[in-house]
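Peer 1:
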Amino acid sequence: MNKTALITGASSGIGAEFARRLAATGHDLVLVARTEHKLKAMADELTARHRIRAEVVSQDLSAPDAADRVAGELTARGLTIDLLVNNAGFGTAGRFAQIAPGREHDELMVNIVALVDLTHALLPGMLARGSGAVVNIGSTAGFTISPYFATYAASKTFVLNFGLALWSELRGTGVKVLTVAPGPVETPFFDVVGSKEAAIGAKMSTPEEVVTAALRALERDRGYVVPGRGNLAMAHLMPRRPRKLLAVIGRRVTRRVADALTPVAQ
């Protein structure tokens, strides 16, 4: 029997690449995102190409009961999840006081609350079976302090610390936990943020590179992985500086992002 992977944010970018790679290795899939037509097209394509089962769950993960609704669909369809990929997420950028509060609320619901709630919903079954894995997609932003990305970076700090804590807690249970912390990636992320300036001039990785690094690290149970040598150096060196200094440096580096963005109406 094929193992089944549930992937959030599966309609594009890193999530779509996870779906393609896992389908190619024989995983059945549950694809979760808001854009149902994109998910159905992907499910049909992967089913035809790899002869796997691909289910679609259309769900806005910013809803307070999003994880309960997804879990209910799994139960109704008789699906057991062996691999959870918490990929869904988005960012906001600009001057905090000018960003619409509702947008940042939804950001935290998707980046943190849905991630934790889905892990709560699916982890007990994995532990009972003595096998399974959870992959959380974080960011190198989670390693430092990022003015003008205040909420986004803080949400990814949560993802990093949450994931590493679970990795340590669950060692010896047969369940793996991996946090993936890529730098800028060629995905629709920057379209959502509202400015390509958000890449801060860094070389972008591809979704293929990120997923390759993630699957390799998951196999080795590494706990976390930072794809790309430059990103890895930044992640390891920056946290060793005084935190106030990081905040000052971060402001100088990222201020042009705020200057490039049109203020968001309240």
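Going by numbering that gives the first Met the number 0, the first residue of the sequence shown is number 0, and it counts up by one from there. Built from N, CA and C at the ideal position, the CB exists for glycine as well. This structure is a prediction, so every number in the text was calculated from the model and none was measured.
1. Is E54 helix, strand or coil when you go by DSSP?
2. Going by DSSP, what residue range makes up the beta strand (DSSP E) through I111?
3. Which residues in the same chain have their Cβ closer than 7 Å to the Cβ of G227, if we skip the five residues on either side of it in sequence?
4. Starting from K175 and walking both ways along the beta strand (DSSP E), at which residues does that stretch end?
5. Would you say L163 touches the ligand MG, meaning its beta carbon is less than 6 Å from a heavy atom?
6. Between the C-alpha atoms of G8 and F89, what's the straight-line distance to the nearest angstrom?
7. Return the CA-CA distance between A53 and V184, expressed in angstroms with no decimal places.
8. Would you call the region 149-160 and the region 27-36 touching, i.e. three or more CB-CB distances under 8 Å?
9. For Y223, write down the residues that DSSP places opposite it in a beta bridge.
10. State the DSSP-derived secondary structure class of I144, mapped to helix, strand or coil.
11. Which of the three DSSP states is assigned to T34 in this structure?
12. Going by the beta-carbon positions, is the gap between A65 and H49 smaller than 7 Å?
13. Please classify I98: does DSSP put it in a helix, a strand, or coil?
14. Can at least three beta-carbon pairs, one atom from the region 73-93 and one from the region 131-149, be found at a separation below 8 Å?
Peer 2: Taking the structure as given:
1. On the sequence shown, residue 54 is found 55 positions in, with the first residue counted as 1. Residue state, collapsed to three classes: strand.
2. Locating residue 111 in the sequence shown gives position 112, where the first residue counts as 1. According to the DSSP assignment, I111 belongs to no beta strand (DSSP E), since it is labelled neither H nor E.
3. On the sequence shown, position 228 is the one that residue 227 refers to. Only G182 and S204 meet the Cβ criterion.
4. As a working note, residue 175 is residue 176 in the sequence shown. Start and end: V174 to V179.
5. Inclusion of the ligand MG in the displayed structure is not the case, the ligand content being empty and no account of it being possible.
6. As a position in the sequence shown, residue 8 is number 9, starting the count at 1. As a position in the sequence shown, residue 89 is number 90, starting the count at 1. The alpha-carbon of G8 is positioned some 10 Å away from that of F89.
7. Residue mapping note: residue 53 aligns to position 54 of the sequence shown, counting from 1. Residue mapping note: residue 184 aligns to position 185 of the sequence shown, counting from 1. C-alpha separation (whole angstroms): 26 Å.
8. No, the region 149-160 is not in contact with the region 27-36.
9. Your numbering for residue 223 matches position 224 in the sequence shown. Paired residues: T178.
10. Translated into positions along the sequence shown, residue 144 becomes position 145. Per DSSP, reduced to three states, the secondary structure at I144 is coil, with no helix or strand assignment.
11. On the sequence shown, residue 34 is found 35 positions in, with the first residue counted as 1. In this structure, T34 counts as coil in the three-state DSSP scheme.
12. Position 66 of the sequence shown, counting from 1, holds the residue named residue 65. Position 50 of the sequence shown, counting from 1, holds the residue named residue 49. It is not a contact, given that the beta carbons lie outside the stated cut-off.
13. Numbered from its first residue, the sequence shown carries residue 98 at position 99. In the displayed model, I98 falls within coil according to three-state DSSP, outside both helix and strand.
14. At 8 Å Cβ cutoff, the stretches touch.
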